[in-house]
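A.B. asks: Below: one structure in structure tokens.
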Amino acid sequence: MERAELRRRVATLIAQATDGAVPANAALAGAEPLHDLGLDSLGWLRLIDAVEAAHEVDLDLGGTDLRRITVEHIVDMLANPPQP
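To convert, note that position 1 of the sequence shown is 1 in full-length UniProt numbering; the numbers rise steadily by one, no gaps.
As structure tokens, then:
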């Protein structure tokens, strides 16, 4: 899947996980951390579940400061999954 399509899909999942509080176009608009756009802890849980289910991956966010994660970080994880 192309990177642009991954970005669109992740942005859509963000909008769904936040019940529209963080619109897809806002997530795509810049490089702001998702936390700064309004993604709260419940939204993170919902987003992680949605991304993992949609892309059949396990996101390893251990030790990650979720306040700094952007759409690009998530796309990078999906585009370059860890090798088993």
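For each residue, glycine too, the CB sits at the ideal point set by N, CA and C. On a predicted model such as this, the values are computed, not experimentally measured, just so you know.
What residue from M77, G43, V10, A26 has the CA that sits closest to D58's CA?
C.D. replies: The shortest Cα separation from D58 among M77, G43, V10, A26 belongs to M77.
A.B. asks: Nearest-angstrom Cα distance between L6 and A50?
C.D. replies: Looking at the two C-alpha atoms, the distance is approximately 13 Å.
A.B. asks: So what's N80 in DSSP terms, helix, strand or just coil?
C.D. replies: N80: coil per DSSP, three-state reduction.
A.B. asks: Can you tell me the Cα-Cα spacing of P82 and G63, whole angstroms?
C.D. replies: So the alpha carbons of these two residues sit roughly 16 Å apart.
A.B. asks: Please classify G38: is it buried, with 16 or more other beta-carbons within 10 angstroms of its beta-carbon, or exposed?
C.D. replies: With fewer than 16 Cβ atoms within 10 Å of its Cβ, G38 is classed as exposed.
A.B. asks: Between V10 and chain B, is there a C-beta pair that is closer than 8 Å?
C.D. replies: Checking the listed chains, one finds no chain B in this structure; it contains a single protein chain.
A.B. asks: Going by the CB atoms, is the gap between I14 and L47 shorter than 8 Å?
C.D. replies: Yes. Within cutoff.
A.B. asks: Can you list, in chain order, the stretches of the alpha helix (DSSP H) that have 4 or more residues and sit fully within the region 30 to 54?
C.D. replies: Qualifying alpha helix (DSSP H) stretches, in chain order: 34 to 37.
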